């Protein structure tokens, strides 16, 4: 009954969706300008601004975030996080949910978008040139060097693109090569629910709860000594297993 009453108090999805789109555009410009200005003085402070934008983005969209498994990690550690990818909201959710200075890799074209691209450049996110295999490898090398010399963690989406169905796709070995070169532990992460809130081909956001579940980390030494294909399968299977367990938990809560 409480869930039904709470749902009735929320505006219709299309109204929420329009508000979210307008706010996302306006806030991207506003926060982008602030990030650029603050980033000229301190990248750490600019990351704080970027984190605030992500939190507000989720709040305006009616997205509630639940996190699990964070205590498996060293609060002072650095990691490569390998996540499933089902929504444009995945990066904001990871930035808000992971208590680390996280960096992501994105195709270089995104860095040319006014305000948004300029902002993520100042924040230190890493462009990937996919025009050739050689340039893509060079991007991987640069990312590994960044992790080695800076106190940052890296977010990777080994599927390479957002899933249209919410199912976990095959993991590409290029991401695993970077994970091995980085010299830090590798951690599988499940994002459960982002696809339902804002799927790949959905125009409007749907308010709801998403879960960020951290799996068991693999040490840098173990990751380095494992074959890339085997490591890819291991990480993918871990995420699929977490997804099945999350679905079972959700089903139990509904029936109870």
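In this note's numbering, the protein residues as written are 1 to 256.
Don't be surprised by glycine CBs; every beta carbon is placed ideally from N, CA and C.
Quantities reported herein were computed from a predicted structural model and do not represent experimental measurements.
- In the DSSP assignment, residue 222 falls within the alpha helix (DSSP H) that extends over 220–225.
- Take the alpha-carbon of residue 201 and the one of residue 149: they are about 38 Å apart.
- Close CB contacts of residue 243 within its chain, under the 8 Å cut and outside five residues either way in sequence, are with 84, 168, 190 and 192 (chain order).
- With 16 or more other Cβ atoms from the protein chains shown falling within 10 Å of its own Cβ, residue 53 counts as buried.
- Taking one beta carbon from each stretch, the segment 181–190 and the segment 215–223 have 3 or more pairs nearer than 8 Å; the two touch.
- With a 10 Å radius around the Cβ and a threshold of 16 neighbouring Cβ atoms, residue 180 comes out buried.
- Under DSSP, residue 217 forms no beta bridge with any residue.
- The Cβ atoms of residue 32 and residue 205 lie no closer than 8 Å to each other.
- The continuous beta strand (DSSP E) containing residue 155 extends over residues 153–156.
- Put simply, the backbone Cα of residue 119 is about 33 Å away from that of residue 228.
- C-alpha of residue 220 to C-alpha of residue 77: approximately 12 Å in a straight line.
- Of all alpha-carbon atoms in 60, 35 and 106, the one lying nearest the alpha-carbon of residue 158 is that of 106.
- Residue state for residue 106 is assigned as strand, using DSSP reduced to three classes.
- Comparing C-alpha distances from residue 174 to each of 184, 163 and 156 shows the shortest one belongs to 156.
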